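Under the working numbering, the first residue of the sequence shown is numbered 6, with each subsequent residue one higher.
Here a beta-carbon is modelled for each residue, glycine too, at the ideal position from N, C-alpha and C.
Computed from a predicted structure; not experimentally measured.
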Amino acid sequence: MRYISTRGQAPALTFEEAMLTGLARDGGLYVPEVIPTLTSDQIAALHGKSYEETAFAVMRPFIGETFTDDEFRQIIARAYAGFNHGARAPMVQLAPGHFLLELFHGPTLAFKDFAMQLIGQMFQAALARRGDRVTIVGATSGDTGSAAIEAFRGLSNVDVFILYPHGRVSDVQRRQMTTPSESNVHALAVDGDFDDCQARLKDMFNDFEFRDGVKLAGVNSINWGRVLAQVVYYFSAAVSLGAPAREVSFTVPTGNFGDIFAGYIAKRMGLPIRDLIVATNQNDILDRCLKGQGYHKTSVHPSISPSMDIQVSSNFERALFDAYGRDGNAVGQLMAELGQGGFDVSQGAMQALQAIYRSGRASEEETSATIATARETMGELLCPHSAVGVKVAQEQRDMAVPMVTLATAHPAKFPDAVEAATGVRPDLPPHMADLFDRPERFTRIDNDLDALKKHIKENLSA
Ligand SMILES: *Cc1c(COP(=O)(O)O)cnc(C)c1O
């Protein structure tokens with residue numbers, strides 16, 4: 006199993022290399038050369054299996070020789086042992102035929118834990134075997150950073166630096182990043198927005214002297230290992246609703262397009278997914294693009310679902326790569342145009358995208374109203390991101406096919422928005438009850454590549 010870059014100019018890599026690298030050296034993203042498939046019988050055999058067993062069956066074909074079966078089983082077991090629910094990704098029913106997939110029972114209360122906990126275990130196993138170390142730098146709109154810190158804190162062969170937009174993450178998100186006391190954890194509050202953080206991160210990866218000097222590794226949602234981990238819960242959910250005998254649709258609150266792209270991979274692997282619906286907040290560049298209006302950046306408008314406040318949706322490049330018939334030059338051209346503000350999608354590529362993805366958006370008012378009605382009529386407290394998904398799913402669902410909306414975070418991670426909509430302030434779960442008593446530690450830093458590089462070089466511990 007080999008991985009190729011969406012821009013066609015970087016060498017093909019093994020799973021291990023692609024995972025440890027993150028971004029390809031030509032600026033592209035790694036994707037499998039061939040997407041493996043599971044037969045109907047293999048999917049049917051997942052009925053009644055644990056989440057961990059499903060994870061092994063779904064991911065094993067992608068990892069090649071990187072781990073033995075035994076090693077990989079142990080990695081999966083350790084990754085999900087810290088979750089607070091035996092099903093790992095349980096579902097609740099919201100309405101006839103409409104289900105909520107709760108992806109927030111991990112240690113930092115957002116779906117990012119599914120991928121990050123697994124990546125942490127895979128990095129540790131691979132680095133120990135190589136006798137190597139890495140510097141992980143990540144950019145976050147809030148949840149990736151806390152999940153990465155939780156997954157890598159205290160590991161001896163890793164330093165983890167997280168760039169987050171100063172003043173634009175929730176108090177719970179910030180405290181999850183600034184309160185761990187391990188010396189290999191470095192929280193950096195950048196004076197800018199999330200797209201600035203993500204742009205500086207890309208700059209660091211494109212500075213090969215720095216990249217090689219500190220052994221830079223990326224765990225942002227562009228890391229193929231993360232996308233892969235997210236494929237699993239599409240299988241576990243669909244199988245529990247009757248797949249492969251029955252089709253299932255999914256609605257996914259989206260920012261960086263990683264989570265929904267994992268759904269596309271599940272579909273390509275043979276899971277009978279009918280509709281894949283992209284749900285955006287008022288930062289609706291993906292919704293506009295999928296409706297045929299091109300991909301043109303505007304400014305980010307901060308919302309009550311901050312983890313989706315984004316204009317440059319990194320993983321969308323992977324979707325474009327397939328939509329353009331895997332033409333790396335065409336993708337490179339689009340990304341160069343994006344640097345100048347945006348691009349239009351060709352007619353053929355647009356048809357390919359629309360054959361797979363549908364989309365919708367929720368305004369701030371609609372998001373709050375959905376949080377309120379879900380509480381009143383379904384007895385369910387939704388985080389604002391999940392509410393964006395539920396609103397779009399209700400609008401667009403085909404009543405003949407069960408719909409699963411992904412609940413991407415626990416309501417207690419965004420208590421102000423939930424309280425404003427419902428009057429109820431959600432409590433943090435017991436393992437985090439003292440979060441607001443722990444001391445914080447972070448460095449405020451300019452939105453400046455040189456300042457960031459200097460800070461990172463001077464603060465390596467490993
Ligand atoms: C990261 C995140 C999203 C968006 O996920 P993508 O994979 O970037 O599309 C949605 N909701 C929450 C709570 C998140 O943390």
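Using a Cβ distance threshold of 9 Å, MET209 and LEU454 count as a contacting pair. For LEU206, the secondary structure class from DSSP, reduced to helix, strand or coil, is helix. Separation of THR140 and SER151 (C-alpha to C-alpha, rounded to the nearest whole angstrom) is 16 Å. Look at the beta carbons and you see the segment 268-287 not touching the segment 332-344: under three pairs across the two are nearer than 8 Å.
Taking ASN228 as the centre and dropping the five residues before and after it, the same chain places the C-beta of GLY27 closer than 6 Å to its C-beta, in chain order. The way I'd put it, the segment 296-312 does touch the segment 166-175; three or more beta-carbon pairs between them come closer than 8 Å.
C-alpha of GLU107 to C-alpha of PRO95: approximately 6 Å in a straight line. In this structure the segment 75-90 touches the segment 111-119; the number of beta carbon pairs closer than 8 Å is three or more. Looking at ALA130, GLU445, GLY91, the one whose alpha-carbon comes closest to that of ASP75 is ALA130. Here GLN126 is buried, its C-beta having at least 16 other C-beta atoms within 10 Å. Under the three-state reduction of DSSP output, GLN98 falls in the strand class. Nearest neighbour of ALA144 by Cα position, chosen from GLU187, ASN464, GLY223, ALA324, turns out to be GLY223. ARG180 is a Cβ neighbour of PHE441, given a cutoff of 9 Å.
DSSP places GLY159 outside both helix and strand once states are collapsed to three, so it counts as coil.
Straight across, the Cα-Cα distance linking ASP403 with VAL253 is about 10 Å. ALA17 has its alpha-carbon roughly 20 Å from the corresponding atom of ASN225. As DSSP reads the structure, ASP164 sits in a beta bridge with THR140.
In the three-state DSSP reduction, VAL36 falls in the strand class (E or B). Counting along the chain, the unbroken alpha helix (DSSP H) around ALA133 starts and ends at 117-135.
Look at PHE116: its beta carbon is less than 8 Å from one of the heavy atoms in ligand 1. GLY260 carries a coil assignment under DSSP once its states are collapsed to helix, strand and coil. The C-beta separation of ARG138 from LYS220 comes to about 6 Å, placing the pair in contact by the 8 Å criterion. Less than 9 Å divides the Cβ of ARG366 from the Cβ of THR285.
Cα atoms of ILE290 and LEU246: separation of roughly 32 Å, rounded to the nearest angstrom. Each of THR375, ALA374, GLY333, ASP327 was checked against the Cα of GLN356, and the nearest Cα belongs to ASP327.
Comparing alpha-carbon positions, the option among GLN298, ALA354, LYS296 lying closest to GLU322 turns out to be ALA354.
Positions of the beta strand (DSSP E) runs, each at least 3 residues long and wholly inside the segment 330-405, are given as 362-366 in order along the chain.
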